[in-house]
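Peer 1: In the working numbering, the protein residues as written are 1 to 267. Using N, Cα and C, we set each Cβ at its ideal position, and we do this for glycine too. Values in this document were obtained by computation on a predicted structure and should not be read as measured data. My questions all concern the structure below.
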Amino acid sequence: MRHVLSLSGGKDSAALAIYIRDRVPEMEYVFHDTDKELPETYDYLDRLAAILGKPIARTSPVDTFDHWLVVYGGMLPSNHRRWCTKMLKLKPFEKFVGEGPVINYVGLRADENRVGYISTKPNITAVYPFQDDGLVRADIIRILEDSGLGLPPYMEWGRSRSGCYFCFYQQKIEWVRLKERHPELYERAKKYEERSELYGEKFYWCQNESLAELEQPARMEEIRTNWIASQERNRTRRKNVPLVEILGGLEPEDDQHLRDGCLICSL
Ligand code: SF4
């Protein structure tokens, strides 16, 4: 029986790896590299591997994002056509797992209702240690702080999720921050939109607004202003935010947004 934990570069899977390290010494850690990840994610995984005292295997999809983009007719992935997760994360996971019996450790917390990736392969059994042990978000932040790893570094500049730099699950404020922090990655994401036109139809990462429109200074300022106002509203609504959440630098509403993404990409 193999024991496998997929790391996304996000905080929950990293915390689970640390939490379970001594209980399952034979654990295999794996990261499904899309080759479109944020540079901060690679650094975070390297530091995590040092704490775990074990290497983190990396899978690469047989064919790249650019290959699949052509196959899908230049249609950028979105919430309704999530071919990227299937081809760049799930398939490599199933290939890594193979045909033998495997226990797959998933970092879903006790305070979430999401359903994890349940493989249709009968040899994979998913288990949820945080849910079994009743661990919630504050516990996850404590595990990361106590280990010395801390939260993923992209959270420092206001990105809430791991995964591809162009992930369509980003909020508009995160696109603004990507433009400020990694302008070269923003440009690359913009090029994908421009090239989609060659296939006869324009596709945008944000659906209703192109990155060329979003990066206009007045529009970026508007997004910043709207975001600050929404944070104020949330703070007023929630007066009793636990100290650990404040120290963690993440408001619950930010985290809620992250809940909507793909587990294997952003957990
Ligand atoms: S991070 Fe986003 S864009 Fe990348 S594979 Fe996952 S869902 Fe797709």
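Relative to the C-alpha of L151, which residue among H3, H67, N123 and G9 is closest?
Peer 2: G9
Peer 1: Grab the span of the alpha helix (DSSP H) containing S13 for me, first residue to last.
Peer 2: Counting along the chain, the unbroken alpha helix (DSSP H) around S13 starts and ends at K11 to I20.
Peer 1: Would you mind sorting G249 into buried or exposed? The rule is 16 or more other CB atoms within 10 Å of its CB.
Peer 2: Model confidence at G249 stands at a pLDDT of 41, short of 50, so the residue's coordinates are unreliable; what they give is reported in the following sentence. Label assigned to G249: exposed.
Peer 1: Can you list, in chain order, the residues of its chain with a C-beta nearer than 7 Å to that of D12? Leave out the 5 residues immediately preceding and following it.
Peer 2: Excluding sequence neighbours, D12 sits near G107, R109, I140 and L267.
Peer 1: Which residues share a DSSP beta bridge with V102?
Peer 2: R2 and I124
Peer 1: In the DSSP output, which residue or residues are listed as bridge partners for Y29?
Peer 2: L5
Peer 1: Note down the Cα distance separating L185 from F93, rounded to an integer number of angstroms.
Peer 2: 26 Å
Peer 1: On a CA-only basis, which of C206, M155 and L69 is nearest Y199? Give me that one, please.
Peer 2: L69
Peer 1: What is the rounded straight-line gap between the Cα of I18 and the Cα of K202?
Peer 2: 43 Å
Peer 1: Could you tell me whether the Cβ atoms of E174 and R159 are closer together than 8 Å?
Peer 2: Taking 8 Å as the Cβ cut-off, E174 and R159 qualify as a contacting pair.
Peer 1: Going by C-alpha distance, which of P61, Y105 and G73 is nearest R23?
Peer 2: Y105
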